[in-house]
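Worksheet for the structure shown next.
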Amino acid sequence: MIFGSFHTGQSLAKSQQDKLYTLKNVDAFTSLGNAQCQNALTSDSTTPNEDCIQSVAPNGDVYHFSTESGKTWKQTGGVYSLVNTNANGAHTGCSRTAFGGYIFYTSGTKLGRFDLSATWTDSWQTFTQTPTWRPFLELENELNIGNGKYVASVDSALTFSDNVLDIPSQRTVSALSSAGTYLIVGTTQGTSIYSCRSYLWDGFSTSWSDEDIIPENGVNFFIEVDNGTFASCGTEGNIYQVNGVQFSLYTNIRETTSWNPYVTTTLKNKAVFGVNEKVFVMHRPTVSFSYGIINEFTLTTGTVKGLAASGTQLYVSTGSNIDKIGTTLATAVIETPESIGNFISTRVMYDTLDGTVGIETKKNGEAYVAQTSVTNSKKNLVYFDGKVNDVNYYQSRVTLTPGAGNVVIKFVENVPSNDQKAE
3 MIFGSFHTGQ SLAKSQQDKL YTLKNVDAFT SLGNAQCQNA LTSDSTTPNE
53 DCIQSVAPNG DVYHFSTESG KTWKQTGGVY SLVNTNANGA HTGCSRTAFG
103 GYIFYTSGTK LGRFDLSATW TDSWQTFTQT PTWRPFLELE NELNIGNGKY
153 VASVDSALTF SDNVLDIPSQ RTVSALSSAG TYLIVGTTQG TSIYSCRSYL
203 WDGFSTSWSD EDIIPENGVN FFIEVDNGTF ASCGTEGNIY QVNGVQFSLY
253 TNIRETTSWN PYVTTTLKNK AVFGVNEKVF VMHRPTVSFS YGIINEFTLT
303 TGTVKGLAAS GTQLYVSTGS NIDKIGTTLA TAVIETPESI GNFISTRVMY
353 DTLDGTVGIE TKKNGEAYVA QTSVTNSKKN LVYFDGKVND VNYYQSRVTL
403 TPGAGNVVIK FVENVPSNDQ KAE
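Our numbering applies: residue 3 is where the sequence shown begins, and numbers increase by one.
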């Protein structure tokens with residue numbers, strides 16, 4: 003069994019053979035067909051040390067809005083400075099970038115705005131609702147804002163409306179996306195009710211035009227890919243593909259998930275989202291490929307509270323600091339599916355070996371056993387001498403530890419008993 007299509011991403015289950023079971027700190031898109039160590043996240047600053055969501059100004063400055071307090075920090079390059087303390091308390095939302103010359107932010111019942119220069123107006127407008135989160139989405143030259151059982155808006159003339167669309171009062175707007183010029187409204191009805199709805203609205207009618215029932219307790223966040231939309235829903239790690247307003251279960255990331263519309267962004271041309279301590283990339287190289295989900299980055303501490311991309315750099319609020327992509331390579335881990343049959347060994351073909359390849363094996367669901375790796379530089383193979391005995395089903399885990407450069411591999415093979423010796 004040869005596993006080399008790393009770009010297809012991680013699988014739903016160990017039995018799924020067309021994907022890898024685990025891809026941690028792996029870059030599978032830079033050199034298509036290969037897998038290599040991704041750059042590690044590193045701390046950019048220990049201030050802010052609160053949970054933050056982010057907005058990126060047109061000049062690349064990043065504003066970090068605390069969801070624990072009313073503080074806002076401005077980041078210019080690697081310099082962070084406290085620029086505002088919102089008198090209305092902790093923030094519940096912000097525009098992901100500027101709209102109409104302002105960055106907008108919410109706290110309590112207030113909508114504030116910042117003129118990208120020096121003026122912060124914390125109580126520019128007043129909402130009638132007080133939800134936990136207020137998602138923002140710009141669509142058709144209008145800034146839409148989740149407002150509890152309403153959608154609020156700021157239009158191109160900077161006129162505020164507290165309610166341009168109302169949904170059933172038992173539901174709360176949890177996340178916003180779009181399908182063409184239509185607004186997709188994801189909702190929740192509470193953590194204990196495993197039935198939520200999405201609504202499709204044309205932006206001007208008095209009510210929505212279509213809806214869908216989703217068997218989850220809420221839409222956590224949307225994942226925007228090129229000409230497509232996915233959504234994290236519920237608490238079990240389910241990812242749904244969104245076709246207009248219709249949600250169809252697509253895959254599962256094997257992580258617990260929760261409501262936070264600010265843990266997604268786009269880094270260059272890739273969709274990025276954060277769950278717990280992991281930052282995932284969802285991408286396909288071209289339309290002829292399927293989407294792969296890969297855990298490209300892992301926090302050293304904390305969990306993902308907010309994500310933003312400024313240029314080619316990613317900034318992650320962890321609750322205790324702001325992480326960014328560093329220059330040091332991370333140790334990557336690749337885990338194969340379970341192969342059924344009498345497998346005796348694992349071998350890894352490499353393209354570049356500036357570091358080491360560690361191999362562990364698991365038979366019949368037992369614990370992993372570390373094997374002593376042997377390198378055959380003439381055949382570009384790393385394997386272990388000897389064999390695993392009495393195997394009914396088999397799994398291997400490969401660890402790529404970079405040296406001064408990277409470790410780039412072409413495939414991982416679980417070797418059956420009737421094959422040639424690994425070397």
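Every residue, glycine too, gets a C-beta built ideally from N, C-alpha and C.
| message | Just to confirm, is the Cβ distance from residue 137 to residue 92 under 7 Å? | response | The Cβ atoms of residue 137 and residue 92 do not sit closer than 7 Å to each other.
| Rounded C-alpha distance that separates residue 218 from residue 237 | Looking at the two C-alpha atoms, the distance is approximately 8 Å.
| task | Out of 55, 61, 80, 171, point me to the one whose CA is closest to residue 328's CA. | result | Distances from the CA of residue 328 to each of 55, 61, 80, 171 were compared; the closest alpha carbon is that of 80.
| query | Are the Cβ atoms of residue 152 and residue 165 separated by less than 7 Å? | reply | yes
| query | Around the Cβ of residue 417, are there at least 16 other Cβ atoms within 10 angstroms (buried) or fewer (exposed)? | reply | With 16 or more other Cβ atoms inside 10 Å of its own Cβ, residue 417 counts as buried.
| request: Could you tell me if residue 423 is buried or exposed, where buried requires 16 or more neighbouring beta carbons within 10 angstroms of its beta carbon? | output: Only weak support is given to the placement of residue 423: the predicted model assigns it a pLDDT of 48, under 50, and the value that follows is read from those uncertain coordinates. The residue in question, residue 423, is exposed, as its Cβ has fewer than 16 Cβ neighbours within 10 Å.
| request: Work out the CA separation of residue 265 and residue 241 for me, nearest whole Å. | output: 14 Å
| request: With DSSP as the reference, label residue 8 as helix, strand or coil. | output: Residue 8: helix per DSSP, three-state reduction.
| task | Look up residue 404 in the DSSP assignment and give the residues it is bridged to. | result | Its beta-bridge partners are 357.
| task | Tell me whether residue 423 sits in a helix, a strand or coil according to DSSP, three-state version. | result | The predicted position of residue 423 is uncertain, since its pLDDT is 48 and thus under 50; no value can be drawn from it.
| the stretch 381-393 touching the stretch 17-25, judged by at least three CB pairs closer than 8 Å | no
| Given residue 215 as reference, the closest of 208, 226, 248, 224 once Cα atoms are compared | 248
| request: Quick one: residues in its chain with C-beta nearer than 8 Å to the C-beta of residue 350, no 5 flanking neighbours on either side, listed in chain order? | output: 359, 361, 383, 384, 385, 400, 411, 413, 414, 415
| message | In chain order, what are the residue ranges of uninterrupted alpha helix (DSSP H) at least 4 long that sit wholly in the stretch 261-344? | response | The stretch 261-344 contains no whole alpha helix (DSSP H) run of 4 or more residues.
| What first and last residue would you give for the beta strand (DSSP E) that runs through residue 385? | 383-386
| task | Can you tell me which of 111, 186, 104 puts its alpha carbon nearest to the alpha carbon of residue 158? | result | 104
| With a Cβ-Cβ cutoff of 7 Å, do residue 325 and residue 318 count as a contact? | Against a cut-off of 7 Å, the Cβ pair of residue 318 and residue 325 comes out as a contact.
| task | Specify whether the stretch 337-348 and the stretch 58-76 touch according to this definition: at least 3 beta carbon pairs, one from each stretch, less than 8 Å apart. | result | no
| task | Check residue 348 in the structure and name its three-state DSSP category. | result | strand
| On the three-state DSSP scale, how would you describe residue 210? | coil
| request: Keeping to the same chain, check which residues put their C-beta closer than 7 Å to that of residue 287; ignore five residues upstream and five downstream. | output: 9, 31, 34
| message | Quick check on the burial criterion: 16 or more other C-beta atoms within 10 angstroms. Buried or exposed for residue 41? | response | buried
| field | Terminal residues of the beta strand (DSSP E) in which residue 129 lies | value | No beta strand (DSSP E) holds residue 129; DSSP gives it neither H nor E.
| request: Mind checking who residue 26 pairs with in its DSSP beta bridge? | output: 297, 335
| query | So the beta strand (DSSP E) residue 164 belongs to, where does it begin and stop? | reply | 162-168
| query | If you draw a straight line from the C-alpha of residue 4 to the C-alpha of residue 227, how long is it? | reply | The C-alpha of residue 4 lies about 29 Å from the C-alpha of residue 227.
| task | Assess, as a yes-or-no matter, whether the stretch 264-284 is touched by the stretch 197-211 under the definition of 3 or more beta carbon pairs within less than 8 Å. | result | no
| How many angstroms separate the CA atom of residue 86 from the CA atom of residue 72? | 8 Å
| message | Can you give me the C-alpha to C-alpha distance between residue 146 and residue 139, rounded to a whole angstrom? | response | 5 Å
| Environment of residue 43 [buried if 16+ CB atoms lie within 10 Å] | buried
| query | In angstroms, rounded to a whole number, what distance separates the CA positions of residue 292 and residue 372? | reply | Spanning the alpha carbons of residue 292 and residue 372 requires a straight line of approximately 33 Å.
| query | If you drop the 5 nearest sequence neighbours on each side, which residues of the same chain put their C-beta closer than 8 Å to that of residue 194? | reply | 219
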